[in-house]
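Trainee:
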Amino acid sequence: MTKPTLLTMSRLLMKRLLPAFVLAVGLLVAGQPAARAEGEGQLMASGANVRDQASLQRGARLFFNYCVGCHSLKYMRYSRIADDLGLTEQQVMQDLNFTGAKFQEPVISHMPPEDATKWFGKAPPDLSLEVSAKGADWVYTYLNTFYLDPKSPIGWNNTTLPNAAMPFPLWELQGEQVAVTKPGSDAVEKLDLAHPGKLTPAQYQQATRDLVNFLTYVSEPAAMQRHRYGVWVLLFLALFTMLAYLLKKEYWKDVH
Amino acid sequence: MANVFARIGDWVNERTPGLAPMYRKHMTEYYAPKNFNLWYYFGSLAMLVLVNQIVTGIFLTMNYDPSASGAFDSVQYIMRDVEWGWLIRYMHTTGASLFFVVVFLHMFRGIMYGSFKKPRELVWLLGMLIFLALMAEAFMGYVLPWGNMSFWGAKVIVSLFGTIPKIGPALQEWIMGDFLPADATLNRFFALHVIALPIVLLLLVVLHLAALHEVGSNNPDGVEIKKGPKGNRWDALKPADGIPFHPYYTVKDLVGVGFFLLIAAFIIFFAPTFGGWFLEHDNSIAANNLVTPAQIKPVWYFTAFYAIVRMVPSAFGTAVWGVLGMFGSIALLFALPWIDVGPVKSIRYRGTGYKVALTIFVIAFFCLMALGMDLTDEYFPRIFGAGIDITLWDNVFGRIMTVAYFGFFVFLWLYTHLGWEKTKPVPDRVTTHD
Ligand code: HEM
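Residue numbers (this note's numbering), protein chains in the order written: chain D, 88 to 343; chain Y, 4 to 437.
1. Across the segment 45 to 65 of chain Y and the segment 104 to 112 of chain Y, are there enough close Cβ pairs to call them in contact, namely three or more that are closer than 8 Å?
2. Please classify Ala267/Y as buried or exposed, where buried requires at least 16 other C-beta atoms within 10 Å of its C-beta.
3. Examine chain A for any beta-carbon lying closer than 8 Å to the beta-carbon of Phe154/Y, and answer yes or no.
4. Cβ of Leu215/Y versus every heavy atom of the ligand HEM: is any distance shorter than 7 Å?
5. One question on the structure: do Gly375/Y and Tyr309/Y come within less than 8 Å of each other, judged by their Cβ atoms?
6. Please list the segments of the alpha helix (DSSP H) lying wholly inside the segment 185 to 210 of chain D, counting only runs of 4 or more residues, in order along the chain.
7. Assess contact between the segment 348 to 359 of chain Y and the segment 223 to 230 of chain Y, defined as three or more Cβ pairs (one per stretch) separated by less than 8 Å. Is contact present?
8. Pick helix, strand or coil for Glu307/D, following the three-state DSSP scheme.
9. Using 7 Å as the cut-off, classify the Cβ of Asn221/Y as near or not near the heavy atoms of the ligand HEM, replying yes or no.
10. Could one say the Cβ of Tyr234/D lies closer than 8 Å to chain Y's Cβ atoms, at least one of them?
11. Looking only at its own chain, which residues have a Cβ that is under 6 Å from the Cβ of Val197/Y, when we skip the five neighbours before and after it?
12. Quick check on Leu160/D: does DSSP put it in helix, strand or coil?
13. By alpha-carbon positions, which one of Phe190/D, Asp139/D, Leu214/D, Pro240/D ends up nearest to Phe205/D?
14. Counting only C-beta atoms, is Tyr316/D closer than 8 Å to chain Y at any point?
15. Within 10 Å of its beta-carbon, does Phe387/Y have 16 or more other beta-carbons around it, so buried, or fewer, so exposed?
16. Give, in chain order, every residue of the segment 137 to 166 of chain D whose Cβ lies closer than 7 Å to some Cβ of chain Y.
17. Check Val218/D in the structure and name its three-state DSSP category.
18. Please confirm if Ala135/D has its CB atom under 8 Å from at least one CB of chain Y.
19. Helix, strand or coil for Tyr116/Y? Go by DSSP, reduced to three states.
20. Is the CB-CB distance between Gly1/Y and Phe164/Y below 8 Å?
21. Specify the secondary structure class of Gly245/Y as computed by DSSP and reduced to three states.
22. Could you tell me whether the Cβ atoms of Ala210/D and Ala220/D are closer together than 8 Å?
23. Taking 8 Å as the CB-CB limit, is Val429/Y close to chain D?
24. I need the boundaries of the alpha helix (DSSP H) containing Pro172/Y, first residue and last residue.
25. Name the DSSP bridge partner or partners of Trp359/D?
26. So Tyr229/D packs on Leu248/D, CB below 8 Å; how close in whole Å?
27. Enumerate, from N- to C-terminal direction, the unbroken alpha helix (DSSP H) stretches of 4 or more residues contained entirely within the segment 275 to 334 of chain Y.
28. So which of Trp149/Y, Gly219/Y, Leu174/Y, His420/Y has the shortest CA-CA distance to Asn190/Y?
29. So who's on the other strand from Tyr34/Y, going by DSSP bridges?
30. Between Phe45/Y and the ligand HEM, is the CB less than 7 Å from at least one heavy atom?
31. Shorter than 7 Å, the distance from the beta carbon of Ser118/Y to the closest heavy atom of the ligand HEM, or not?
32. Would you identify the three-state DSSP class for Ala185/Y, choosing helix, strand or coil?
33. Note down, in chain order, all residues in the segment 32 to 45 of chain Y with a beta-carbon under 9 Å from any beta-carbon belonging to chain D.
34. Using the C-alpha atoms, what's the distance from Ser72/Y back to Asn6/Y?
35. Buried or exposed for His197/D, going by 16 or more other Cβ atoms inside 10 Å?
36. Is the number of C-beta pairs between the segment 125 to 132 of chain Y and the segment 204 to 212 of chain Y that are closer than 8 Å three or more?
Here it is, written out as structure tokens:
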């Protein structure tokens with residue numbers, strides 16, 4: 088009587104192995120950080136959600152008010168922003184496009200890279216794929232961790248990207264943070280808001296969340312289409328699989 | 004209408020009389036064992052993915068620019084400006100990873116049920132050649148988007164050839180056509196990826212199936228149905244346990260295709276980067292020979308083999324041993340039919356030693372994979388405390404797993420050549436089917 092038990096055991100093994108494999112991979116993926124990037128400390132959760140159109144619109148406005156002076160989005164056209172964010176051509180050309188570019192053209196900053204290199208020591212990078220490269224949480228944390236640093240040539244420093252060459256453009260919104268160092272060392276322990284800005288801390292966090300949300304969209308505009316069609320594709324395939332299964336059952340009735 | 008089709012059929016048959024018999028031989032009169040289980044879906048799924056890679060690849064080629072100055076931009080052009088370009092690209096990138104998922108499971112099935120054993124050694128060898136071609140194909144494809152990980156990955160992998168004593172450095176240069184991965188490298192990798200290797204793959208798959216249909220499929224019981232009783236409902240001379248491939252397995256495989264496409268579509272539409280596994284974050288930065296990514300590691304499906312390279316130490320003034328170890332880990336799979344000569348095919352009736360060894364082998368493979376992905380650097384400090392010496396832990400862990408990987412083959416050789424295995428009685432007929 089050993090045979091049947093062994094048989095069921097091995098069959099059980101087959102039946103369990105595959106789901107176990109899928110589960111293991113799932114766990115590994117879930118345990119992976121969304122993105123690693125240089126920098127120190129824990130990242131804050133950005134809560135970016137490209138399905139939130141109002142947030143995307145606010146984020147776009149912030150980007151074009153505070154960032155486009157230095158950073159381009161060379162893979163992103165104004166017309167595409169209008170389409171995806173539910174804005175009219177007029178709205179985009181009046182409220183967002185301050186560079187005089189045509190509606191169909193991509194977002195190119197006016198800052199000449201040579202000058203930027205002279206001023207900051209480094210040309211500001213294009214931000215089209217920033218969130219794909221570093222992760223939304225990293226960018227969000229970065230925008231929340233600027234502090235005044237008299238030792239830095241530009242007056243600002245950042246705990247997420249130490250010695251960042253970027254002057255903090257949102258300081259009038261957030262205010263000025265200063266570093267509290269550990270006694271007897273240079274290591275930053277935490278950041279204190281020494282001079283509040285125009286926004287409360289909660290409002291500032293929402294503003295940077297909107298901005299990061301916009302950059303997440305810019306990294307992959309296709310996400311809008313993916314989300315739109317995905318559910319229908321899955322429903323269709325579920326139906327297909329069910330029909331295939333019924334067909335199989337019907338055909339296999341006479342296999343004994 | 005039916006009449007028209009019948010007449011066209013007749014017209015073709017008169018001119019190529021070999022076609023209909025060939026169709027019958029491989030479809031309606033190919034008698035496959037009736038007890039195939041879940042593990043037997045992956046062959047047809049591998050064919051599906053191959054077709055997907057070729058079709059989506061053709062459309063990508065229409066818009067991709069294989070030059071160091073244009074490649075990265077052209078991928079973004081596909082993602083943003085080409086109609087449905089994002090879908091085509093995600094189908095191709097997801098397909099690449101799923102290809103390896105499917106092929107790994109397909110190979111594991113072959114090991115578990117002894118499908119590589121007599122008389123199917125050639126099926127197995129052709130399969131292993133497919134696996135080699137597939138690895139080359141995937142590696143070159145990964146370089147094409149010319150992201151920073153493409154660049155550094157190419158540099159590291161090609162430099163493996165550089166460890167070969169004497170000819171290494173020259174060989175490395177010859178492969179790249181330059182001192183670094185550059186325009187020339189990209190051009191030739193493109194040529195190999197879009198035409199040379201796909202042709203080789205297609206040819207090998209045809210041979211793989213031809214070889215299989217000559218001897219007939221194995222099955223989860225490892226019973227040779229051709230040696231069993233004869234006579235089924237369709238043919239008095241064919242195996243009693245066989246059923247015609249078409250329509251029985253065509254409709255059954257269709258169910259597998261449905262499930263597989265559900266999983267694939269979920270990834271394509273809702274998680275195309277798969278948490279940075281299928282599309283890596285550092286590849287969103289254009290290739291830059293001045294900026295080294297924080298960690299250089301290959302895509303997940305190469306990591307187990309890559310871990311072996313790292314774990315074998317240098318000796319006698321050369322680092323070639325790691326590379327030999329990696330090739331050895333694959334060469335041993337080629338040799339499996341002559342290493343595992345146990346008479347019983349299926350794990351269902353094999354000795355306990357075999358089951359334990361196979362389990363350890365699978366665990367070792369996953370652990371090497373995790374190591375190659377640098378997951379251990381992240382999890383060891385979490386599990387064993389932040390103060391540990393990670394390099395030391397990685398090395399000890401990795402070497403144990405490398406020994407376990409190779410140990411599997413050594414054990415199997417001893418176990419079966421010296422007759423240590425205590426097998427269970429194998430039934431005369433296949434036992435189950437659904
Ligand atoms: C492009 C990749 C491949 C394709 C399209 C492919 C296709 C197939 C198909 C359609 C079958 C019959 C159905 C089945 O048994 O699942 C099969 C059987 C088989 N394949 Fe592959 N294969 C591929 C790669 C490989 C590799 C890498 C190996 C192993 C080194 C392999 C080893 C085998 C063996 C041993 C069988 C016979 C299985 C049995 O009868 O139990 N194949 N293959």
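The C-beta atom is built at its ideal place from N, Cα and C for all residues, glycine as well. Predicted model only: the values in this text are computed from it and were never measured.
Mentor: So, from the data block:
1. Segments in contact, yes.
2. Burial call: buried.
3. The displayed structure is made up of protein chains D and Y, and chain A is not among them.
4. Because some heavy atom of the ligand HEM lies under 7 Å away, the Cβ of Leu215/Y counts as near it: yes.
5. Yes, the Cβ-Cβ distance between Gly375/Y and Tyr309/Y is below 8 Å.
6. For the segment 185 to 210 of chain D, whole alpha helix (DSSP H) runs of length 4 or above, ordered along the chain, are 200 to 207.
7. Counting Cβ pairs under 8 Å, three or more are found: they touch.
8. Residue state, collapsed to three classes: coil.
9. For the ligand HEM, a non-hydrogen atom lies closer than 7 Å to the CB of Asn221/Y.
10. Look at Tyr234/D: its C-beta is not under 8 Å from any C-beta on chain Y.
11. Sequence-distant partners of Val197/Y (beyond 5 residues in either direction) whose C-beta falls short of 6 Å from its own C-beta, in its chain, are Thr64.
12. If DSSP states are grouped into helix, strand and coil, Leu160/D belongs with the strands.
13. It is Lys, not Phe, that sits at residue 205/D in the sequence shown. Comparing alpha-carbon positions, the option among Phe190/D, Asp139/D, Leu214/D, Pro240/D lying closest to Lys205/D turns out to be Pro240/D.
14. Answer yes: the Cβ-Cβ gap between Tyr316/D and chain Y drops below 8 Å somewhere.
15. Exposed, because fewer than 16 other Cβ atoms sit within 10 Å of the Cβ of Phe387/Y.
16. So the list reads Tyr162, given in the order they occur along the chain.
17. Helix, per DSSP.
18. Contact with chain Y is absent for Ala135/D, since none of that chain's Cβ atoms lies less than 8 Å from the residue's Cβ.
19. Residue state, collapsed to three classes: coil.
20. The shown model of chain Y, from 4 to 437, leaves out residue 1/Y, and the question about it has no answer.
21. In the three-state scheme derived from DSSP, where H, G and I count as helix and E and B as strand, Gly245/Y is classed as strand.
22. It is not a contact, given that the beta carbons lie outside the stated cut-off.
23. By this cut-off, Val429/Y is not an interface position.
24. Under the DSSP assignment, Pro172/Y falls in the alpha helix (DSSP H) whose first and last residues are 171 to 179.
25. What the structure shows of chain D is the stretch from 88 to 343, and residue 359/D is not part of that stretch, so it cannot be assessed.
26. Contact holds; Cβ gap of about 6 Å.
27. The qualifying runs are 306 to 314.
28. Selected option, being the one with the closest Cα: Trp149/Y.
29. Tyr34/Y pairs with Pro247/Y.
30. For Phe45/Y, the distance from the CB to the nearest heavy atom of the ligand HEM is below 7 Å.
31. Yes, the ligand HEM has a heavy atom inside 7 Å of this Cβ.
32. Look at Ala185/Y here: in three-state DSSP terms it is coil, with no helix or strand label.
33. Result list: Lys37, Asn40, Leu41, Trp42.
34. Taking the straight line from one Cα to the other gives about 57 Å.
35. Exposed is the call here.
36. Result yes; three or more Cβ-Cβ pairs closer than 8 Å.
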